[in-house]
Amino acid sequence: RPGTRSSRLAAAPPPSVRVRAPGKVNLSLRVGPLDDDGYHPLVSVFQAVALFEEVTATQVVAGAGISLTVDGPQADAVPRDRTNLAWKAAELLAMHTGVDPDVALHVRKGVPVAGGMAGGSADAAAALVACDALWETGVPRTELVELAAALGSDVPFCLLGHTAVGTGRGQLLTPAMTRGEFHWVFAASHTGLSTPQVFAAFDELTRGGAAAVGVEDDTALMQALRAGDPTALGAALHNDLQDAALSLRPELARTLEIAREAHALGAIVSGSGPTVAALARSRQHALAIAATWTAEGAADSVWTTTAPAHGARVVA
Ligand code: C5P
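Numbering (the UniProt record's numbering), first residue to last: 3 to 318.
Pasting the structure below:
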């Protein structure tokens, strides 16, 4: 019956692509002195965690431009305009490939916002992959990584996922071998910390005289990863930005202490903070640490998860 057929056609949803990209924790973050380009050379071991940002790119009529909606627990704290990294990613990919930047983006937040866990970077990575698939631009992986690096230092890692050593600004990545699954607990704050401010505090604390950094400093950590030994990994966790984050947010010292009292294998500030990461022996232990943080009122929200997790990929 023609009537039924046309109403079905009218109801067909426009094509869309959904992509998931992970947040991260820095197992090690070693920061050198500020360079002339305004960045710090660093060596970092990144691990992707199974807390995902999800970006859906939906086709819109030609000339409609880019639009953006956001949902999730802390969606209100996220900009919905062209300052959003997902928006910038779509714009950059369109410019790079010569297609018109027409897409409706929807971001579902699954990583603490402004927490030092690369939630915004994961949005950018997911948006790149989603728009590349929607627009059928077929950008080679190596070029996608370059676009990612232009969007932010952590974006390439969110594309890659798993565990990797980052050098340069953190964007030059070498995958690291790991065994097994690690259990993490995160204490997040609803008031984020600005990454440039934390780096500035680092410059002040080190009076611009930070020592040069090298990958050889993480030998014990890399061995713990290869062995799948969470106890050794916990002992090797390291973050040069931790004191800087603590200087801006002194109460994080108590959050770290509580994790240690709850026998976390290791506890550090994640990246530039203010999220605190604790490594647990097992899922049960992770839940116990989470319960302790909650009972002590040490965090605005507490998240348990596993790692490593995959990089940005299309989901059905
Ligand atoms: O690369 P991204 O835009 O994420 O960096 C945000 C800010 O963090 C930079 O503008 C810079 O102030 C600081 N940063 C740094 N050294 C790095 C990475 C970031 O100083 N390696």
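We put the beta carbon where it would ideally sit given N, CA and C, even for glycine.
- About 7 Å separates the beta carbon of W186 from that of A288, a gap short enough to meet the 8 Å contact definition.
- The DSSP assignment places 18 to 33, 44 to 60 as complete runs of the beta strand (DSSP E) inside the region 3 to 65, in order along the chain (cut-off: 3 residues).
- Taking V157 as the centre and dropping the five residues before and after it, the same chain places the C-beta of S123, A126, A127, A150 closer than 6 Å to its C-beta, in chain order.
- Between the alpha carbons of H265 and G230 lies a gap of roughly 19 Å.
- The DSSP assignment places 87 to 99 as complete runs of the alpha helix (DSSP H) inside the region 87 to 115, in order along the chain (cut-off: 4 residues).
- Residue burial annotation: Q244 is buried, with at least 16 other C-beta atoms found within 10 angstroms of its C-beta.
- With a cut-off of 6 Å, the C-beta of G122 is classified as distant from the ligand C5P, since no heavy atom of the ligand falls inside that distance.
- G211 is the residue among A318, G211, T85 whose C-alpha sits nearest the C-alpha of P43.
- If you look at A290, you'll find it in the alpha helix (DSSP H) that goes 285 to 297.
- It is roughly 39 Å from the alpha-carbon of A222 to the alpha-carbon of D134.
- The C-beta distance from A247 to L195 rounds to 6 Å, short enough to fall under 8 Å.
- Boundaries of the alpha helix (DSSP H) harbouring T257: 254 to 263, taken from the DSSP string.
- Shown here for S303: same chain residues with a beta carbon closer than 6 Å to its own, the five before and five after excluded, namely A190 in chain order.
- In the DSSP assignment, A229 forms no beta bridge with any residue.
- For L174, the enclosing beta strand (DSSP E) stretches over residues 174 to 177.
- By the neighbour-count criterion, in which a residue is buried when 16 or more other Cβ atoms sit within 10 angstroms of its Cβ, S272 is buried.
- For V101 against T139, the beta-carbon gap comes to about 6 Å, under 8 Å, which counts as contact.
- Between L107 and the set A91, D219, H98, the nearest pair of CA atoms involves A91.
- Chain order is used for the residues whose beta-carbon lies nearer than 5 Å to a heavy atom of the ligand C5P, namely Y41, H42, L44, G154, S155, R171, T197, P198, F201.
- DSSP places G268 inside the beta strand (DSSP E), whose first and last residues are 268 to 271.
- Of the residues assessed, S274 falls on the buried side of the cut-off, its CB having 16 or more other CB atoms within 10 angstroms.
- In this structure, the straight-line span from the alpha carbon of A79 to that of R283 is close to 33 Å.
- Sequence-distant Cβ neighbours of A96 in its own chain, meaning closer than 6 Å and more than five residues away, are P103.
- Taken in chain order, the complete beta strand (DSSP E) segments of 3 residues or longer contained in the region 141 to 226 are 165 to 169, 174 to 177, 184 to 190.
- CA-to-CA, the gap between L281 and G268 works out to about 5 Å.
- Under a 10 Å Cβ-count criterion, Q199 is classified as exposed, with fewer than 16 other Cβ atoms of the shown protein chains found around its own Cβ.
- Counting every other CB atom within 10 Å of its CB across the protein chains shown gives E56 a total of 16 or more, marking it as buried.
- Bridge partners of V317 according to DSSP: R20.
- Shown here, L281 sits in a strand according to DSSP, grouped into three states.
- For A301, no alpha helix (DSSP H) run applies, since DSSP gives it neither H nor E.
- Spatial neighbours of L235 in its own chain (CB-CB distance under 6 Å, excluding positions within 5 residues in sequence) are listed in chain order as A226.
- Here A50 is not near A292, since their CB atoms are 7 Å or more apart.
- DSSP places D73 in the uninterrupted beta strand (DSSP E) bounded by 68 to 73.
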